[in-house]
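Note that the working numbering has the sequence shown beginning at 100, numbered continuously upward. Read the structure below first, then the notes.
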Amino acid sequence: MAIQRMDNVLIVVDDIDAVIAFFVALGMELEGRMPVEGRWVERVIGLDGVRQEVAMLRVPGGPGRVELARFHTPRAIAPDPADAPVNTLGIRRLMFAVDDIEETLARVRPHGAHLIGEVARYEDAFLLCYLRAPDNIIVALSQRLP
100 MAIQRMDNVL
110 IVVDDIDAVI
120 AFFVALGMEL
130 EGRMPVEGRW
140 VERVIGLDGV
150 RQEVAMLRVP
160 GGPGRVELAR
170 FHTPRAIAPD
180 PADAPVNTLG
190 IRRLMFAVDD
200 IEETLARVRP
210 HGAHLIGEVA
220 RYEDAFLLCY
230 LRAPDNIIVA
240 LSQRLP
């Protein structure tokens with residue numbers, strides 16, 4: 100049996116409002132937001148006493164989705180260090196293809212995003228950059244060059 104699709108990527112956050120605002124400014128659409136708790140979720144994720152708020156964002160017109168979760172109980176565990184560099188083991192970043200990197204950066208900077216390095220050109224094919232979003236989420240942007 101084959102995989103049908105990758106449904107979403109979960110990011111556990113502390114400031115769900117700031118992270119939602121960032122991803123909406125990036126161009127994603129808020130699909131829904133709701134509290135999640137109860138025995139069913141505890142059984143699925145293997146934690147007791149779960150009470151969380153979940154938001155689902157989607158790429159307009161595409162299949163990609165990002166799920167955000169803010170745990171009220173049990174409290175989320177902060178990584179060490181909180182602003183881990185991009186070579187830290189584990190999932191380090193999400194990458195989005197955009198039409199215009201500079202315009203996208205102008206939209207997300209007011210929402211707490213800042214460049215980690217700089218916007219760089221890869222051959223004559225792409226402009227690329229990494230940025231740190233709210234809650235220290237690393238997001239890469241890629242712009243195909245004409």
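Glycine included, each C-beta is placed from N, C-alpha and C at the ideal position. Bear in mind the structure is a predicted one, so any value in this text is a computation, not a measurement.
Where R164 is concerned, the enclosing beta strand (DSSP E) starts and stops at 164-172. A Cβ-Cβ separation of about 17 Å leaves Y229 out of contact with R206 under the 8 Å criterion. In the same chain as A181, and ignoring 5 residues on each side of it, the C-beta atoms closer than 8 Å to its own belong to N235, in chain order. In the structure shown, the three-state DSSP call for V140 is helix. Here the alpha carbons of E222 and V153 stand approximately 40 Å from one another. Remark: C-beta atoms of P233 and H210 approach each other more closely than 8 Å. Around the CB of Q103, fewer than 16 other CB atoms lie within 10 Å, so the residue is classed as exposed.
If one requires a minimum length of 4 residues, the alpha helix (DSSP H) runs lying completely within the stretch 104-159 are 115-125, 138-144, in chain order.
As the crow flies, the alpha-carbon of F170 is around 34 Å from that of Q242. The stretch 196-204 makes no contact with the stretch 129-137: fewer than 3 CB pairs, one atom from each, lie closer than 8 Å. Straight-line measurement puts the Cα of T172 at about 33 Å from the Cα of L240. Of the other Cβ atoms in all chains shown, fewer than 16 fall within 10 Å of the Cβ of V108; this residue is therefore exposed. For the pair V158 and I119, the Cα-to-Cα distance works out to about 13 Å.
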